[in-house]
Structures are given as structure tokens and as C-alpha cells.
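Read the structure below first, then the notes.
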Amino acid sequence: MNHDGATPTGLPARELPALRLNLPALEHNVRLMAEWCRKRQVELCPHIKTTMTRPVVDRQMAAGAWGVTVATVRQAGIALGWGPRRLIIANQVIHRSDLAVVRRWLEQDPELELYCFVDSTTGLDLARSAMEGVRNPLRVLIDVGAQGGRTGVREVAAAYELGVAAAKASPGLLLAGVAGYEGIRPNRRDAATTADVDAHCRSAIEVFRKLTPAFETDRPLFSMGGSAFPDRVVHSLQGLPERADGRSVVPVLRSGCYVTHDHGTYEHVSPLPGLRAALTVRAVVLSTPEPGRAVVGAGKRELPYDAGLPVLVGAHDAQGAPRPAAEATARQIFDHHLVLTDTHGLRVGDEVDLGISHPCSAFDRWPDIAVVDDEGHLLDVWHPRFR
1 MNHDGATPTG LPARELPALR LNLPALEHNV RLMAEWCRKR QVELCPHIKT TMTRPVVDRQ
61 MAAGAWGVTV ATVRQAGIAL GWGPRRLIIA NQVIHRSDLA VVRRWLEQDP ELELYCFVDS
121 TTGLDLARSA MEGVRNPLRV LIDVGAQGGR TGVREVAAAY ELGVAAAKAS PGLLLAGVAG
181 YEGIRPNRRD AATTADVDAH CRSAIEVFRK LTPAFETDRP LFSMGGSAFP DRVVHSLQGL
241 PERADGRSVV PVLRSGCYVT HDHGTYEHVS PLPGLRAALT VRAVVLSTPE PGRAVVGAGK
301 RELPYDAGLP VLVGAHDAQG APRPAAEATA RQIFDHHLVL TDTHGLRVGD EVDLGISHPC
361 SAFDRWPDIA VVDDEGHLLD VWHPRFR
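According to full-length UniProt numbering, the sequence shown is numbered sequentially starting from 1.
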């Protein structure tokens with residue numbers, strides 16, 4: 001950082017609003033999750049669609065990540081440019097142009113391990129046609145879904161039949177395992193939700209067991225995702241064989257939001273003790289139009305709001321003096337304004353730090369991230385890359 005207050009990229013250090021990432025907290029979370037997985041003998045293939053920020057991904061890989069997970073072929077192309085050679089596209093890949101891109105990658109790089117989900121015979125046929133004759137096959141995972149959820153085969157018998165069909169596909173495809181997503185359930189820890197999560201995990205394991213003779217790899221994958229219930233996934237692995245017909249089984253978690261955690265949904269549901277919320281948005285109090293009411297200069301374009309409104313985690317005046325007694329509750333959000341009510345100790349010109357909920361809805365709003373230390377000093381500026 002320059003002594004004149006400019007960032008390493010020449011951006012003004014005081015430009016607000018700003019997404020701020022606490023680097024010590026992020027690095028702590030990376031280490032904590034990596035160690036948690038090692039102790040439980042599961043691989044971590046973090047879902048980097050949360051951040052799509054290379055310095056974050058570099059740290060996850062350096063901590064021992066098995067590979068990376070993405071949501072789209074576009075994201076996979078970006079990730080390949082960052083170095084990982086083992087990727088899971090946690091989605092159906094069925095569009096002709098996407099399949100053509102995937103085929104080109106596999107032909108160009110014989111060391112590339114590329115996995116995608118499949119949940120229909122139509123999708124399987126599209127992939128089979130596109131990959132016919134490719135020497136480095138596209139590895140497919142049978143996607144086991146939940147009633148009322150997103151993608152994924154709903155019935156165990158249908159998932160088994162699809163897996164058998166995948167094993168009979170052309171040499172350009174390889175049946176590599178089974179995947180599911182337990183996080184489709186609400187992020188709550190009540191008994192009913194936990195029971196639904198456990199039931200979904202058991203269904204995926206049942207499909208895996210039935211398909212064991214059909215797997216075409218020495219290391220078939222059993223993969224689940226999410227940062228809300230990784231403990232329930234690990235618990236369910238008791239029903240997974242360590243070896244399948246003499247082949248090593250690889251349990252893979254695809255959690256992503258753990259890396260920054262949050263002040264909302266994951267703070268309340270994550271089973272990992274010690275994770276630190278690493279993201280805040282700093283903004284200015286623009287107006288106090290009524291007693292107990294303040295309007296902040298950040299809104300839907302800057303703040304996630306799909307999993308709850310932000311919370312006030314700190315405030316200081318324009319000269320940097322703390323306002324330890326500041327209190328407020330986020331009540332309403334507009335494009336570039338957040339309305340706070342029940343306010344105490346806030347004045348026009350004050351700067352507030354807002355803790356966010358659901359980090360997946362934060363990074364894509366910002367071309368620049370202010371990376372700070374525990375004291376709030378600017379260390380660097382990082383740039384998410386979603387396109």
C-alpha cells in the first residue's frame with residue numbers, strides 16, 4: 001500500500017461504500033475447514049462460485065483442497081486459468097456450446113479430471129454424443145435430488161437405472177460416482193430439517209451402493225455439498241463402504257461459504273466452531289430524517305439481502321473515532337439505500353460496518369474488494385472474476 005492512502009491499484013483507500021474482507025479471518029477459516037476435513041478423512045473440493053476470487057482459491061488449494069467445484073462451464077474455464085486440474089461442475093452440462101468447450105479442454109489436457117452431474121437420459125445422451133471418441137473422458141456423477149428441490153433424480157431406482165446407462169455410454173464418458181446436495185433444505189437446525197438432510201444423504205448412499213459394480217474408475221466419488229450441514233454428511237458416511245469392489249471410495253465435500261462465513265444464516269447454522277465472519281460492507285450514514293431512523297448509502301446493488309438484511313457490527317465518526325454505543329436494526333432496503341431503525345448513537349457522516357448474510361450473494365456485486373487486517377488497515381485490493 002502506498003503512504004499517500006492509495007491502494008496498490010491506485011484506487012482511493014477511502015472510497016465508500018466498500019466490500020471489506022478481513023484477511024486473517026479468511027485464512028483462519030481456510031485452515032480450520034481443511035483441518036476439520038482431514039480429521040474426518042474426507043476430501044474438500046470447495047465450491048468457489050462463492051468468491052470466484054483467485055487469491056482466495058490459491059489459499060484453499062495451498063491448504064490441501066482436492067480440487068475445486070464450480071457451477072457453470074464459464075466458471076470452470078476461469079478456474080482452469082488459475083491452475084487447478086481437478087474440477088467438479090456441480091450442475092448438468094447439456095448445452096451444445098458448453099459441451100463443445102468441455103470436449104476441447106479434455107482433448108487439450110490429458111491430465112485434466114473434469115466431473116459433471118447428470119440426472120436424465122436426455123442429458124446423458126447429449127453428453128455421450130458430444131464426447132464420442134474423446135480419449136480423456138468426461139467423468140459423470142449421478143445427481144441424486146430431493147422432492148421439491150433443484151436438479152437430481154428423485155427415486156433411488158431411477159438413479160440406479162441412469163447410472164447403469166451411463167456405464168454403457170461411449171468411451172467419451174466415464175461413470176465416476178454419485179453426488180447430492182443436502183443444502184437444498186432450509187438452513188435451520190430443527191429436528192425436522194436435520195431428519196430431511198439425513199434422509200437425503202442416505203438416499204445418495206443407497207444409490208452409490210447399488211451402482212458399485214458399474215463404476216468405471218479405481219476411485220469412485222461420493223460427493224455432497226454445502227456449508228450448513230457438513231457434519232450430517234460426515235455422519236452419513238458411516239453407511240458408505242471404505243472400498244467398493246476393491247476400489248477406494250473418495251468422499252468429497254463441496255462446501256464453499258465457510259471460507260468467509262457470515263453474520264447471518266451460516267453464523268446460526270454452521271456446525272464448525274471457530275469460523276470467523278470475514279466480510280463487511282462499510283458505508284456512510286447519509287441522513288437521519290426522523291428520530292431513531294438513519295439512511296445508509298448502500299443498498300441492493302451493494303448488499304446481499306436474499307437471506308436476511310445486514311446487521312450493524314460497528315461504527316465510527318468521519319475522523320475514525322469509534323462509536324461504541326451505536327445501535328440499529330436494518331429495516332428496509334432500496335437500490336442504493338438501507339434504512340436503519342431503532343438507532344442510537346449514529347449521526348450523519350458516520351461510517352458503519354454492516355455484517356452480511358449469505359456470502360454467495362456478496363462477491364458478484366463488487367469489482368473490487370478491500371482486503372484488510374484485524375485493525376482495518378488496507379492490505380490489498382482483490383478482484384472477483386465471474387465473467
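We treat Cβ as the ideally placed atom computed from N, Cα and C, and that holds for glycine.
| task | Pull up the DSSP beta-bridge partners for Y115, would you. | result | I88 and R139
| message | Under DSSP, the beta strand (DSSP E) around F208 begins and ends at which residues? | response | First-last for F208: A191 to L211, but that is the alpha helix (DSSP H), not the beta strand (DSSP E).
| query | Going along the chain, which residues of its own chain have a beta-carbon closer than 6 Å to the beta-carbon of F208, five neighbours each way excluded? | reply | V178 and F222
| request: My understanding is that L275 touches H263, with C-beta atoms under 8 Å, so please give their C-beta distance in whole angstroms. | output: Contact doesn't hold; Cβ gap of about 11 Å is too wide.
| field | Spatially closest choice to S129 from Q92, E182 and S170, by CA coordinates | value | S170
| field | Buried or exposed by the 16-neighbour rule on C-beta atoms within 10 Å, applied to A318 | value | exposed
| Using DSSP with H/G/I as helix, E/B as strand and the rest coil, what is F222? | strand
| query | DSSP on T122, reduced to helix/strand/coil? | reply | helix
| message | Quick check on the DSSP output: the beta strand (DSSP E) that includes G355 runs from which residue to which? | response | E351 to G355
| field | Cβ neighbours of L112 in the same chain (closer than 7 Å, five flanking residues each side left out) | value | R85, W105, L106 and N136
| field | Whole-angstrom C-beta distance between E27 and R59, which should lie under 8 Å | value | 6 Å
| query | So, is H350 buried or exposed, given that buried needs 16 or more other C-beta atoms within 10 angstroms? | reply | Note that residue 350 corresponds to Asp in the displayed sequence, not to His. That one is buried.
| Span separating the alpha-carbon of M1 from that of V311 | With a pLDDT of 37 at M1, under the threshold of 50, the modelled position of that residue is not reliable, and no figure is offered here.
| said: Measuring CB atoms only, is the segment 282-290 touching the segment 73-83, in the sense that at least three cross pairs come out at less than 8 Å? | reply: no
| task | Could you have a look at G163 and say whether DSSP puts it in helix, strand or coil? | result | helix
| field | For A18 and A6, the rounded distance between their alpha carbons | value | Note that A6 scores 44 on pLDDT, short of 50, meaning its location in the model is unreliable and no value can be drawn from it.
| So what does N22 bridge to, in DSSP terms? | V372
| request: Report all residues from its chain with a CB closer than 7 Å to the CB of V102; omit the five preceding and five following residues, and keep chain order. | output: V73, V93, L114 and L138
| query | Excluding the five sequence neighbours on either side, which residues of its own chain have a C-beta within less than 6 Å of the C-beta of D364, listed in chain order? | reply | F386
| task | Could you name the residues of the same chain whose beta carbon sits closer than 7 Å to that of R189, not counting the 5 residues immediately before and after it, in chain order? | result | V269
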